[in-house]
Amino acid sequence: MQILNLEKLLPAGSGYTELKLQENRSTSISFLNGSLTNNGGSSSSGLMCRTYADGFWGMASSGMINEASMKAVITKARQNSHTLSSRLSFAGGSLPSLSAHGDHLFFTNKTRASTNEKVELLKALDAYIETKYPDLNSRGVSTSQLDMEKHIITSDGGRLNSMTPRTYVGIWMKIMHEGVPIIHSDYWGGFGEYEDKVLSIEDYQGKIDEIYHELMRKKEAVHARGGSFDCILGPRLAGILAHEAIGHTTEADLVLGGSIAGEYLNQPVASELVTLIDVAHTWNDSICPVPVFIDDEGTMAQDAIIIENGILISYMHNKESAMLMNLPLTGNARGYEYSDEPLIRMRNTMIKPGISKLEDMIASVEDGYYLIESGSGQADKTSEFMFGVTHGYEIKNGKLARPIKECTISGVAFDLLKTVSMVSDDLYWTGMGMCGKKQMIPVGMGGPALKCKVTVGGRS
Amino acid sequence: MKAKLQNILNRLLERGADHASLRFENETKEEFNVIYQRLSFLRSVESASLSMYVIRDQRTANISINQFDDTSVEEAINTLFVNLDSGVPDPAFAISPYQEPRSWSKGPMQPETDLIIERLNEFIAELKLKYPNLQYDATLSHVTWDSIYLNSNKVEFTDRMGCYGFSTIFTTKTGKRCSSMNYSFMNLKDLNTKLLDTPQTEELIRQNTEQVETKPIPANFKGAVIFAPQVGIGVIYGFLNGQIGSFPFLSKSCKYPDHIGKQILDPKLTLKNAPDFEGFAAVSHVTSDGFVSEAATVIDAGVLRHYPINLYTANKCNMKRTTGMPTAFLVEAGHTPLAEMIASIEQGILLIRDSGDSPNSDGDVSFVAKNSYYIENGKIQYPISETMIAGNIVAWLNNITAISSESYNNGSWQCPYLQVSGVDISRK
């Protein structure tokens, strides 16, 4: 990507202005039953200007990267703000500022892997599956990488140069059992470039065997019963619970838009065992899956402690929501493409680990479910949430019993969290998720296992 | 731009491609945003992309870029051919065969800025007056979209359209209680209609205001569900994509491998691809695999007439590609008014919005009923909360008891209400 001197281009004048140069680079390679069905890459780069004056925002963007284009975009953004302010009136306030500057460029230091090396790895994994498990009906192996490079400058002193990579390898297998397709899958990777994240063929073989083992167990899977049950949400599910069920309701734009969380500030909303944090970049000295050191408004990103020991204590903010609610900035403003405006987005939303052991938690359930892997999820301003469960087991008398078929679980988050009676002492992070809220955005989710009461969508 | 694209296509062939295709897309958008009930943000977007696809020695690679200077294009071509060398040969890879050059142009190409602001201000004023407890955001955009598809079989399509996109997301807040949020979104050919009067918008908002107070259903039951159009179209799309589309064939799990001309769904259901339907504001006329999107009846009174599969799948599975995946879904309306459908139900749900995961490969699905109503003794009783619906989309689409005479057109697809019986419905 061509780099411009944004400092030189930043216009003087009243109001707030941000300039951004961004490139998203992605690679995607997929095999389906030994055929290379996708061998592709893409890049999307451009520049953007957003301004705020007299209570109105204007923004413009272009895929053309040069100084003249940036100047044209600045002019257009200002015109857009003026188009509204000249026709409408509003007594707007001043945007708050907690500006920071820094370089956070996570390029690999290793020799770049070629496309051929990536294809050869996947071919080898595919060959291992095909040879070892000939009874499969179908199989797929894939890798995907996304590098997001941003250069941002703001009129209140913010400056960011960042490159945030993530890489995944995924595998799925399918059998036909009594005429019905059954699928099981897993994925590995996270924050980092391909060279830093992808393992050797041998390292994946055990993981492949585990997928096959679980797939075979799914032959015995039964439909979950519909209704409310004591459940152990595995760490992967607790992460999506933190994101979907609570995280979205406490994004300040949703609070301003009527979210029920607006009524609960400084009140108990969960069991005392629950502390929920949107981590900016680092947890326990380790970098989180989607580290944000400075957000797209040039704000220093800080951990947002949403629930502390069961009490709702804060929300996530961008400049506008912090101004409107007169609350501190948290650095949650991010945009996905160069042409996207920064919205309030979660970063690495997690529930803090507790002290229980997973095996003790399972042993404590008489009749319920151990829910392990999730599909996609959705949230609501009422805090009613749902997400798909793609892998789980019945629990009968404290022991794992039959696997269950895919189902959906739901609940009212602020009710569900009050039923949390045990929290495990481990923590699992995933950064594979993409969250949709006008734009898509990579998000990190983390969780220990939770014991709580959950509504399961099953068959009567 | 077309001349530049032709040069790039020639360049790919000079570099040794046996076949090549290009798709160039250019979008401009003027997006007026009402945020926190106030028109406060105007966003202008210019974005373009060029996708290149090549086949050589039965190997493929693809790349997409948005910088079109000579250096960037040449770098992308170099990467493309390096990646091509890593490809795995497969005789099924192909590009679309020669078709007569075609071009389409539809809709307003210039935004009416003053009218956009007027319509949004009117919307804000009406909501303030009629629904004072409504919390909402809204977006009204003018979009132009140009697409050029070229390939080395001398296929040349130009598809151009302009339209308005309107969406609003809302919830009702009364005291400390709020309703579940709901949406209305559509593409419009013009701004002749007040935004509150656009299809479904005011009815969904009105419903939302009464959904602050909800109750669970009295008990778990097996009963009737009326899928609102926005839910029904998702169920039908899930069937096409997950049961008879490319993926189930490629992954060898299609349960209908030789069913052209056979009854696979309820005879009440007819689904068409209708790219030329006058009522649609925004439809692509070219499929993703480089064919003209032809008007066709895909499901004719429950009988399968076309598999919605792409060219690669057809070649791979020794099948014939016919219409491909529809680009403009039109589900034929039935003969029963919605009111009669509701009156016919002893116990059931009017499902306005679903919140759930995609169906699994066998069609099993479960989701939460949102913004929905409990029906008993032929009458809507009350808005519900914490209600789950579970079943199988294939079974549902084979068990349609009525299709409404009313249809909803969102500017890109049209669907009526579908009534299905024997659905598992459970409460907390």
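Line by line, the protein sequences give chains A and B. Mapping to our numbering: the first sequence position 171 is 173, numbers consecutive. Mapping to our numbering: the second sequence position 283 is 804, numbers consecutive. All residues carry an ideal CB built from backbone N, CA and C; glycine is no exception. Everything numeric in this text was worked out from a predicted model, so none of it was measured.
Among the residues of chain B, none has a CB under 9 Å from the CB of A/N268; the nearest is roughly 14 Å distant. Just so you know, the alpha carbons of A/W190 and A/L138 end up roughly 21 Å apart. For B/R580, the enclosing beta strand (DSSP E) has its first and last residue at 580 to 586. Counted as a single uninterrupted DSSP element, the stretch harbouring A/D382 is not any beta strand (DSSP E), since DSSP gives it neither H nor E. The beta strand (DSSP E) runs of length 3 or more contained entirely in the stretch 828 to 916 of chain B are, from start to end of the chain, 850 to 852, 868 to 872, 874 to 877, 885 to 891, 894 to 897, 900 to 904, 908 to 913.
Cβ-Cβ distances below 8 Å link A/D427 to P355, G356, I357, S358, K359, P450 in the same chain, with the five nearest sequence neighbours on each side left out; the list follows chain order. Taking the C-beta atoms as reference points, B/A890 is found nearer than 9 Å to B/I910. Taking a contact to require three or more Cβ pairs closer than 8 Å, the stretch 574 to 589 of chain B and the stretch 12 to 20 of chain A do not qualify as touching. For A/R27, the uninterrupted beta strand (DSSP E) segment begins and ends at 18 to 34.
Here DSSP, grouped into helix, strand and coil, assigns A/T251 to helix. Straight across, the Cα-Cα distance linking B/F602 with A/S140 is about 29 Å. Within chain B, the residues placing a beta-carbon under 9 Å from that of A/K407 are N881, D883, D885, ordered along the chain. For A/Y206, the enclosing alpha helix (DSSP H) covers residues 203 to 219.
The continuous beta strand (DSSP E) containing B/G744 extends over residues 742 to 748.
Listed by position along chain B, the residues whose Cβ is nearer than 8 Å to that of A/G438 form an empty set, because the closest Cβ is around 13 Å away.
Pairwise C-beta distances place the stretch 781 to 790 of chain B in contact with the stretch 820 to 832 of chain B, as three or more of them are shorter than 8 Å.
Under a 10 Å Cβ-count criterion, A/F109 is classified as exposed, with fewer than 16 other Cβ atoms of the shown protein chains found around its own Cβ.
Judged by DSSP in its simplified three-state form, B/R532 adopts helix.
Three or more beta-carbon pairs drawn from the stretch 397 to 408 of chain A and the stretch 364 to 376 of chain A are found closer than 8 Å, and the two stretches are therefore classed as touching. Identification of residues in the stretch 165 to 196 of chain A having a C-beta nearer than 7 Å to some C-beta of chain B yields K176, M178, V182, P183, I185, given in sequence order. At a cut-off of 9 Å between beta-carbon atoms, B/F888 makes contact with chain A. Contacts with chain B at 9 Å (Cβ-Cβ) include A/G390. Listed as beta-bridge partners of A/C233 by DSSP are A/Y371, A/C454. Fewer than three pairs of CB atoms, one per stretch, sit closer than 8 Å, so the stretch 529 to 541 of chain B makes no contact with the stretch 438 to 454 of chain A. Taking each of A/H393, A/P98, A/I210 in turn and checking the Cα distance to A/R238, the smallest one comes out for A/H393.
For A/M50, the enclosing beta strand (DSSP E) stretches over residues 37 to 55.
Residue nearest to B/Y894 within the set B/S617, B/I747, B/F888 is B/I747 (criterion: CA-CA distance). Distance from the Cα of B/S673 is smallest, within the candidate group B/S542, B/L761, B/L661, B/G811, for B/S542. Per DSSP, B/I637 lies in no beta strand (DSSP E) segment; the continuous alpha helix (DSSP H) that holds it begins and ends at 634 to 651.
At a C-beta separation below 7 Å, A/A62 has these neighbours in chain B: S565. A/I357: not part of any alpha helix (DSSP H); DSSP gives it neither H nor E. Contact between the stretch 78 to 93 of chain A and the stretch 56 to 66 of chain A is present, with at least three C-beta pairs closer than 8 Å.
Counting the other CB atoms within 10 Å of its CB gives A/S83 a total of 16 or more, which places it among the buried residues. Straight-line spacing of the CA atoms in B/T834 and B/F770 works out to 7 Å. Inclusion of A/Y170 and A/G192 in the CB contact set at 9 Å is warranted, their separation being smaller than that value.
Taking C-alpha positions only, A/C454 is separated from A/T277 by approximately 15 Å.
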